[in-house]
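As given, the protein sequences belong to chains A and B, one line each in that order.
Start counting at 1 in the first sequence, then tack on 312, and there's your number in our numbering.
Start counting at 1 in the second sequence, then tack on 261, and there's your number in our numbering.
What follows is one structure encoded as structure tokens, with my remarks underneath.
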Amino acid sequence: MNSAGESQRMLGELRYLEFYAKQIGDAVGYAVLELSVLEDADAQSGFRRVAGSGAESIYYGLARKGRKRLNQVRKELGKED
Amino acid sequence: MNSTEVIVAVMALERMSGVGGLLLQKGRNRIASHLPFSETKVDALSSALRLMAEGYREVKRDVRQVWMEFDGGRLLIVQQQGTLLMLLLSSKAELDIIAGAASVFLSEHATHLAMLPSERLDFAAATSSSIDELIVTGPRVGEALRAKAEATISVWPEARKAIERLLSKVMGRAQAVNLVDRCIRNSVGLDPYRMTKEDLRKLATNILDQVPNTGKRRALAAELEPQLQELSL
Numbered sequence: 313m314n315s316a317g318e319s320q321r322m323l324g325e326l327r328y329l330e331f332y333a334k335q336i337g338d339a340v341g342y343a344v345l346e347l348s349v350l351e352d353a354d355a356q357s358g359f360r361r362v363a364g365s366g367a368e369s370i371y372y373g374l375a376r377k378g379r380k381r382l383n384q385v386r387k388e389l390g391k392e393d
Numbered sequence: 262m263n264s265t266e267v268i269v270a271v272m273a274l275e276r277m278s279g280v281g282g283l284l285l286q287k288g289r290n291r292i293a294s295h296l297p298f299s300e301t302k303v304d305a306l307s308s309a310l311r312l313m314a315e316g317y318r319e320v321k322r323d324v325r326q327v328w329m330e331f332d333g334g335r336l337l338i339v340q341q342q343g344t345l346l347m348l349l350l351s352s353k354a355e356l357d358i359i360a361g362a363a364s365v366f367l368s369e370h371a372t373h374l375a376m377l378p379s380e381r382l383d384f385a386a387a388t389s390s391s392i393d394e395l396i397v398t399g400p401r402v403g404e405a406l407r408a409k410a411e412a413t414i415s416v417w418p419e420a421r422k423a424i425e426r427l428l429s430k431v432m433g434r435a436q437a438v439n440l441v442d443r444c445i446r447n448s449v450g451l452d453p454y455r456m457t458k459e460d461l462r463k464l465a466t467n468i469l470d471q472v473p474n475t476g477k478r479r480a481l482a483a484e485l486e487p488q489l490q491e492l493s494l
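In structure tokens:
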């Protein structure tokens, strides 16, 4: 992340995704979103919760032009099964 | 392509290893729903997914895929041209293969899915036929879907650079970038990050075909093949 504008844009992306993830999670009884990856036609962003919960959550995230495979993104976010 | 083929393909997706259920919907029209949840939960989930799709559409985000890992489960959401496919996956699922298969499914059935209404159908009226249908599928459909998913490649960034390099010989850089963008936009249903080798060759040829000068077009077409071979295509 190299500018305030990009940080702001990424925060907006996270908040938007969190909002919908909460609705989806609530629908089926999933409480905490651990990791998410969103892709549009030519960009990808991913977030992993590293600490806290709810509004206090702290996330580690990435955003890029272009798209990589989901497993690759998970690894980059520090999540491996 | 008809409804039966869509249902068979949906069942093949559902049978893939690690898939615990799926939901296929277009707007309020639930086309297929096989989930291990109560009807109330499925209704709530369906609404939440629809709101998310509409929300991103309203802000002009062409979201293709969303992956969500919750504490209690994992959801893969893939959408194309207003149709949304959600898969419930276990930790054993081969994530990228299933994402590829979901994308292949939506592309292959895009024409039929595009014709379906986005308003909820009266299920009783829609199934009032006196003939009961039993659809039996073998493992072959699933194997074919998996093979197609595995065949989808992800060398688009490199391939795009090669195509733009070629075009730059006969036009300005910005013009080349715009031409590539325009051809992708016009290729309805094509996801450049999930193309087979054949799709990529077709797209590249189509892009070069837009060069107006016949001589230059032929020269570029002759140079295309070595470029693709460099990318192991």
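For every residue, glycine included, the Cβ atom is placed at its ideal position computed from N, Cα and C.
Because the structure is a prediction, the values reported are computed rather than measured.
Using the C-alpha atoms, what's the distance from residue j back to residue i?
i: A360 of chain B; j: A410 of chain B; result: 8 Å
i: G282 of chain B; j: V271 of chain B; result: 10 Å
i: G333 of chain B; j: S352 of chain B; result: 11 Å
i: G450 of chain B; j: E425 of chain B; result: 22 Å
i: N383 of chain A; j: E491 of chain B; result: 26 Å
i: T301 of chain B; j: L345 of chain B; result: 19 Å
i: N474 of chain B; j: V431 of chain B; result: 9 Å
i: S390 of chain B; j: R276 of chain B; result: Residue placement at S390 of chain B is poorly supported in this model, since its pLDDT is 48, which falls under 50; the coordinates are not used for a value here.
i: G317 of chain A; j: V324 of chain B; result: 21 Å
i: V320 of chain B; j: A314 of chain B; result: 10 Å
i: Q488 of chain B; j: A354 of chain B; result: 35 Å
i: G343 of chain B; j: R335 of chain B; result: 22 Å
i: R321 of chain A; j: G476 of chain B; result: 46 Å
i: Q316 of chain B; j: V441 of chain B; result: For the sequence presented, residue 316 of chain B should be read as Gly rather than Gln. So the alpha carbons of these two residues sit roughly 28 Å apart.
i: F366 of chain B; j: V269 of chain B; result: 11 Å
i: L284 of chain B; j: L481 of chain B; result: 45 Å
i: T457 of chain B; j: R407 of chain B; result: 13 Å
i: A465 of chain B; j: V340 of chain A; result: 44 Å
i: A387 of chain B; j: R311 of chain B; result: Caution is warranted here: a pLDDT of 49 is assigned to A387 of chain B, below 50, making its placement in the model unreliable, and the coordinate value is therefore given only provisionally. Near 22 Å, if we compare the C-alpha coordinates of R311 of chain B and A387 of chain B.
i: W417 of chain B; j: R455 of chain B; result: 8 Å
i: L428 of chain B; j: E351 of chain A; result: 28 Å
i: M495 of chain B; j: K334 of chain A; result: Since the first and last residues shown for chain B are 262 and 494, residue 495 of chain B lies out of range.
i: S379 of chain B; j: L337 of chain B; result: 21 Å
i: L345 of chain A; j: E484 of chain B; result: 48 Å
i: A385 of chain B; j: S278 of chain B; result: Since pLDDT at A385 of chain B reaches only 44, below the 50 mark, its modelled position is unreliable, and no value is offered.
i: S315 of chain A; j: V385 of chain A; result: 22 Å
i: Q340 of chain B; j: A363 of chain B; result: 9 Å
i: E266 of chain B; j: D304 of chain B; result: 25 Å
i: E486 of chain B; j: A437 of chain B; result: 19 Å
i: L469 of chain B; j: P453 of chain B; result: 16 Å
i: E392 of chain A; j: V327 of chain B; result: 18 Å
i: H295 of chain B; j: V349 of chain A; result: 24 Å
Under 7 Å between beta-carbons, which chain B residues line up against residue i? List them in chain order, please.
i: E346 of chain A; result: E330, F331 and D332
i: L323 of chain A; result: Within 7 Å Cβ-Cβ: nothing; L323 of chain A doesn't reach chain B, min ~15 Å.
i: L283 of chain A; result: Outside the displayed range of chain A (313 to 393) lies residue 283 of chain A, so it cannot be described from this structure.
i: G337 of chain A; result: F331
What is the residue span of the beta strand (DSSP E) that residue i lies within?
i: S379 of chain B; result: Run containing S379 of chain B: none; DSSP gives neither H nor E here.
i: R335 of chain B; result: R335 to Q341
i: Y328 of chain A; result: From DSSP, Y328 of chain A is part of no beta strand (DSSP E) but of the alpha helix (DSSP H) over A316 to V340.
i: G282 of chain B; result: V280 to K287
i: R291 of chain B; result: N290 to H295
i: Y371 of chain A; result: I370 to K377
i: M329 of chain B; result: V324 to F331
i: D352 of chain A; result: L345 to D352
i: Y361 of chain A; result: It is Arg, not Tyr, that sits at residue 361 of chain A in the sequence shown. R361 of chain A -> beta strand (DSSP E) spans A355 to A363.
i: L350 of chain B; result: T344 to L350
Just to make sure I have the definition right: I need the residues of chain B whose C-beta is within less than 9 Å of the C-beta of residue i. Which are they?
i: G317 of chain A; result: Within 9 Å Cβ-Cβ: nothing; G317 of chain A doesn't reach chain B, min ~17 Å.
i: A343 of chain A; result: F331, D332 and G333
Are the C-beta of residue i and some C-beta of chain D separated by less than 8 Å?
i: S368 of chain B; result: The chain inventory of the structure shown lacks chain D, comprising the protein chains A and B.
So which residues of chain A does residue i contact, with C-beta pairs closer than 7 Å?
i: M277 of chain B; result: Simply none; closest approach about 15 Å.
i: L492 of chain B; result: Residues of chain A passing the Cβ test: none, with the nearest at roughly 15 Å.
Mind pulling the chain A residues with CB within less than 9 Å of residue i?
i: L274 of chain B; result: In chain order: nothing, as chain A lies at least about 16 Å away.
For the alpha helix (DSSP H) containing residue i, list its first residue and its last residue.
i: M272 of chain B; result: S264 to E275
i: M432 of chain B; result: Here M432 of chain B belongs to no alpha helix (DSSP H), and DSSP marks it neither H nor E.
i: T301 of chain B; result: E300 to E319
i: S364 of chain B; result: L356 to E369
i: G476 of chain B; result: T475 to E491
i: Q384 of chain A; result: L382 to E388
i: K458 of chain B; result: K458 to L469
Interface residues of chain A around residue i at Cβ under 8 Å?
i: L336 of chain B; result: I336
Does the segment 276-290 of chain B come into contact with the segment 373-393 of chain A, if we say contact requires no fewer than three beta-carbon pairs (one atom in each stretch) closer than 8 Å?
no
Counting Cβ pairs closer than 8 Å, one from the segment 417-424 of chain B and one from the segment 362-381 of chain B, do we hit at least three?
no
Can you give me, in chain order, the residues of the segment 358-386 of chain A that have a beta carbon less than 7 Å from any beta carbon in chain B?
G378, R379, R381, L382 and N383
So, does the segment 354-362 of chain A touch the segment 321-333 of chain A, judging by three or more C-beta pairs under 8 Å?
yes
Please identify, using Cβ separations under 7 Å, the residues of the segment 345-359 of chain B that lie next to chain A, in order along the chain.
S352, L356 and D357
Along the segment 413-433 of chain B, what residues have a CB closer than 7 Å to any CB found in chain A?
S415 and P418
Interface positions of the segment 300-317 of chain B facing chain A (Cβ-Cβ less than 7 Å), listed along the chain
K302, A305, L306, A309, L310, L312, M313 and G316
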